[in-house]
Amino acid sequence: MANIFLTGGTGFIGSPLLQQLEQEGHVVTVLVRSMAKWQSLRERLGLRKSVPVLGDLSLPELGLSEFDRSQALSSEVVIHAGGPMDIRLSETEARTVFLEAADELLKLAKTIHEGPGLRHFIHVVGFKSPFTEDNFRQPGAIIQQLAHYPPYEQMKFLADLRIREGASALGFPLSVVHPSVVIGSSVTGDTPQTGGLGILVGAAGRGLMRIVPGAATHWLPLVHVDHAASMICALAGESAPVSQTYYLLDPAEESPPMGKLVAGIARELRVGKPIGTIKPKLLTKLLSTPLGRKLGVPTESMDFIVERETPYPLSTTQRVQQAHGMPAAVQAEMLPSVIADLDYRLQHGNPAMPQGYTRGKRGPLATLERGASGGREAFGAAQTTWTEETTRQATEGVRRGREAAAPVQPAISACETVMLPNDGAGSGHSAAMPTLVFVHGTFSSADCLLPLAEQFPEADVCLVDLPGFGRSPYHHAPDVMAGHVESLVQAILAFPAPVTLVGHSLGGLVAALAAASVPGRVHRLHLLQPAFTTARTYRSARLTAAALRFLREAGLRRQLVAQSCFADIRDIPEGYVAYVLQELRSSRVRRTTADTLAALAKRAAAPAPQLLSTLREKAMILWGTQDHHHTLAAELRAAIPTATIEAAHHFPISHPCETARLLREHGLFS
Numbered sequence: 014m015a016n017i018f019l020t021g022g023t024g025f026i027g028s029p030l031l032q033q034l035e036q037e038g039h040v041v042t043v044l045v046r047s048m049a050k051w052q053s054l055r056e057r058l059g060l061r062k063s064v065p066v067l068g069d070l071s072l073p074e075l076g077l078s079e080f081d082r083s084q085a086l087s088s089e090v091v092i093h094a095g096g097p098m099d100i101r102l103s104e105t106e107a108r109t110v111f112l113e114a115a116d117e118l119l120k121l122a123k124t125i126h127e128g129p130g131l132r133h134f135i136h137v138v139g140f141k142s143p144f145t146e147d148n149f150r151q152p153g154a155i156i157q158q159l160a161h162y163p164p165y166e167q168m169k170f171l172a173d174l175r176i177r178e179g180a181s182a183l184g185f186p187l188s189v190v191h192p193s194v195v196i197g198s199s200v201t202g203d204t205p206q207t208g209g210l211g212i213l214v215g216a217a218g219r220g221l222m223r224i225v226p227g228a229a230t231h232w233l234p235l236v237h238v239d240h241a242a243s244m245i246c247a248l249a250g251e252s253a254p255v256s257q258t259y260y261l262l263d264p265a266e267e268s269p270p271m272g273k274l275v276a277g278i279a280r281e282l283r284v285g286k287p288i289g290t291i292k293p294k295l296l297t298k299l300l301s302t303p304l305g306r307k308l309g310v311p312t313e314s315m316d317f318i319v320e321r322e323t324p325y326p327l328s329t330t331q332r333v334q335q336a337h338g339m340p341a342a343v344q345a346e347m348l349p350s351v352i353a354d355l356d357y358r359l360q361h362g363n364p365a366m367p368q369g370y371t372r373g374k375r376g377p378l379a380t381l382e383r384g385a386s387g388g389r390e391a392f393g394a395a396q397t398t399w400t401e402e403t404t405r406q407a408t409e410g411v412r413r414g415r416e417a418a419a420p421v422q423p424a425i426s427a428c429e430t431v432m433l434p435n436d437g438a439g440s441g442h443s444a445a446m447p448t449l450v451f452v453h454g455t456f457s458s459a460d461c462l463l464p465l466a467e468q469f470p471e472a473d474v475c476l477v478d479l480p481g482f483g484r485s486p487y488h489h490a491p492d493v494m495a496g497h498v499e500s501l502v503q504a505i506l507a508f509p510a511p512v513t514l515v516g517h518s519l520g521g522l523v524a525a526l527a528a529a530s531v532p533g534r535v536h537r538l539h540l541l542q543p544a545f546t547t548a549r550t551y552r553s554a555r556l557t558a559a560a561l562r563f564l565r566e567a568g569l570r571r572q573l574v575a576q577s578c579f580a581d582i583r584d585i586p587e588g589y590v591a592y593v594l595q596e597l598r599s600s601r602v603r604r605t606t607a608d609t610l611a612a613l614a615k616r617a618a619a620p621a622p623q624l625l626s627t628l629r630e631k632a633m634i635l636w637g638t639q640d641h642h643h644t645l646a647a648e649l650r651a652a653i654p655t656a657t658i659e660a661a662h663h664f665p666i667s668h669p670c671e672t673a674r675l676l677r678e679h680g681l682f683s
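According to our numbering, the sequence shown is numbered sequentially starting from 14.
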């Protein structure tokens, strides 16, 4: 166990690092700029031992009060992982947060080392830094070369040099950790930092990567954020550290070249595959021209693409990984989830995490999960992870020229009453209560059903994104509907016990078909306006995708009312239309929506005997009587308990409180 002073603890790498450090029993003093942000992070991660001190890397003496500075001086290990991931920083900004901050941390380290002694200094830099143990004592030629670098890299690398020189002069052990391009968790793919790989994903999504920089001769080194955190945590626990540099990346021969990586991104985004190559240096020059700047791809982003023959010494990293049994390699099967998550964030402006929820993954599906009574504890075998808080609010308007409205997420108090079951479970979670799994429809995602899920605070809830919607990668199955159903089946099987499915529209149909496939893993089935029959309007996926691409706010509002999604424009929740338009900016979501609507239009109307048997045994239907475009077959109405609500097709979105009341009345918790 060590007393540790940490910068960057609320950041992309710092958040999972904090979790791991606490799990290892270390006591961490964390430099934070905002106590409100810290409290939110603390609650979300369940941190108990870490102590925040208010400060800022850009201020003299890190902006610490005398008391907080004394707290930091009691540390025996310093981990400097702070600094913004913004390759467009000005020289003044970059100098302040990197070079001058390095000087302040060296002052702190010097005071500690002259007192009780500094056991270890760990500096997180980046794999493109040119400084090593062999050359930092004669840095003149390298410094001259850095004069031509962008300010972000120049100052970050000079900070690397400054701390190396300080550690050598003062005589304390220094570990320099060089992450490559950091991507999301190896468990969920959740990637709240949209720089790095997100720049490539954004460019590919806009059709700007048909010509690949480097193709077979270059690559983009990647590392999962949890793997980076594990390495730093292992170094922090060393009792007798030695000064060393650690590169966090896979060997080039085990990683995809740029051509294969970009082709994989294009496949996940459902855009045209690459058709040619270009030298990165030439592309950098083109991007720096007035015409190139209009494309919105920073020239600095090309610096992360490196030649496959560039040597990176990995032996020291591999020794630590092997000694601690740490996973190291990028999980190829997680890249689709990483790409889908980045695509979602780029379309929606990287929205903040809903209060009380965690990002997770069940089978191939991205999820939003919450324990009973809003608790953060993962339930069952949940694969959940943290996400960095952003200052962007869910209802903010136009920012940087793009509308950034997010789905409406009203508090429970939006309903007059939250009715709890009468079995005594209302005041807390019943261990026997199945998890409620919400499955959305078209023109929707997990986010849109949050107001409904919030009406059940006594239950564990999980909201899934179906394949190709929200944060979930597309399934690429030959049969669209079969792929959706199989993905939900895999998600259901990821729970340790049977679940209760609550499916809306498309989600109702998919939930019913999944339940028929694994009836023993589904406790109850509640179908909200299930799409057993649908209009034949959307039989052509190509025409539908083209129409969706040019859809605008006024036209979408008219269509939503005309097709009985909402009875009246006044029923459309604030932010919903903007949210849907943001979703449809993504080619992945747009094509998936069109393909799904076409598949629904071509489906046979009559349910198969096995499906009908499952519905009779487990299901109830809640039907909106103001939906004039869909009908519920008399056979189903006669065979399955059915309740009605005076609302249109999207009533779970427009009337979450009334929907919740009716679900409770009709056996949701039975």
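Each residue gets a CB set at the ideal place from its N, CA and C atoms; glycine is no exception.
In this text, all values refer to a predicted model and were calculated from it rather than measured experimentally.
Residue from the options whose Cα sits closest to the Cα of residue i
| i | options | result |
| --- | --- | --- |
| R571 | G68, T557, V590 and M271 | V590 |
| P293 | F317, P364, A445 and E56 | F317 |
| S256 | L299, L304, S181 and P270 | S181 |
| A611 | E566, R555, S626 and R650 | R555 |
| S83 | V66, G96, L675 and P97 | V66 |
| T609 | V502, M494 and H136 | M494 |
| V515 | F508, P509, L506 and A525 | A525 |
| G338 | I585, P491, T42 and C246 | C246 |
| Q36 | G250, D69 and F80 | G250 |
| E320 | G197, L159 and H231 | H231 |
| S626 | R565, T605, P532 and F563 | P532 |
| G68 | L60, F80 and R61 | F80 |
| E266 | L573, P311, C475 and P324 | P324 |
| D460 | L118, G208, A365 and G285 | A365 |
| K123 | E659, F144, L183 and P152 | L183 |
Residue i versus residue j - alpha carbon distance
| i | j | result |
| --- | --- | --- |
| N308 | V214 | The amino acid occupying residue 308 in the given sequence is Leu; Asn does not appear at that position. Roughly 14 Å separates the two Cα atoms. |
| P226 | G272 | 8 Å |
| G437 | F682 | The predicted position of G437 is uncertain, since its pLDDT is 39 and thus under 50; a value taken from the coordinates is nonetheless stated next. When rounded, the distance between both Cα atoms is 12 Å. |
| S71 | S314 | 24 Å |
| K120 | S63 | 23 Å |
| R484 | L613 | 22 Å |
| M432 | A544 | Below a pLDDT of 50, predicted positions are generally treated as unreliable, and M432, at 46, falls in that range; the measurement from the model is reported next regardless. Looking at the two C-alpha atoms, the distance is approximately 28 Å. |
| T109 | I176 | 15 Å |
| Q32 | L58 | 7 Å |
| H536 | A472 | 14 Å |
| L561 | R283 | 15 Å |
| S457 | A342 | 35 Å |
| S87 | S78 | 14 Å |
| L327 | E113 | 30 Å |
| G454 | G520 | 5 Å |
| E409 | A353 | The predicted model places E409 with a pLDDT of 33, which falls under 50 and marks its position as unreliable; any figure quoted below should be read in that light. So the two alpha carbons sit approximately 23 Å from each other. |
| S188 | M168 | 19 Å |
| R132 | A336 | 20 Å |
| K141 | S193 | 8 Å |
| C578 | G680 | 26 Å |
| I653 | P486 | 33 Å |
| R299 | G289 | Note that residue 299 corresponds to Leu in the displayed sequence, not to Arg. Computed Cα separation, rounded: 16 Å. |
| G441 | P254 | Note that G441 scores a pLDDT of 41, beneath 50, so its modelled location is shaky; the value from the coordinates is reported in the next line. C-alpha separation (whole angstroms): 48 Å. |
| F25 | A632 | 43 Å |
| P586 | P665 | 11 Å |
| E166 | I100 | 8 Å |
| H651 | Q206 | Checking the sequence, you will find Ala at residue 651 rather than His. So the alpha carbons of these two residues sit roughly 51 Å apart. |
Integer-rounded CB distance, given that residue j should sit under 8 Å from residue i
| i | j | result |
| --- | --- | --- |
| V333 | L248 | 7 Å |
| Q344 | H237 | 7 Å |
| H662 | D640 | 4 Å |
| G220 | L355 | Not quite, the Cβ-Cβ distance comes to about 16 Å (not below 8 Å), so this is no contact. |
| G277 | L348 | 6 Å |
| E146 | T330 | At roughly 14 Å, the Cβ-Cβ gap does not stay under 8 Å, so E146 and T330 are not in contact. |
| T23 | W51 | 6 Å |
Beta-carbon spacing of residue i, residue j below 7 Å
| i | j | result |
| --- | --- | --- |
| L449 | P367 | no |
| A607 | T546 | no |
| V452 | V477 | yes |
| Q692 | R598 | Only positions 14 to 683 of the chain appear in this structure, which leaves residue 692 out of reach. |
| P480 | A242 | no |
**Contiguous beta strand (DSSP E) assignments of at least 3 residues, all confined to the region 135 to 212** = 187 to 192 and 194 to 196
**Asked** Hey, which unbroken runs of the alpha helix (DSSP H) at 4 residues or more fall wholly within the region 209 to 283?
**Response** 209 to 218, 238 to 249 and 271 to 282
**4 or more residues per run - each alpha helix (DSSP H) lying fully within the region 453 to 524** = 463 to 466 and 493 to 506
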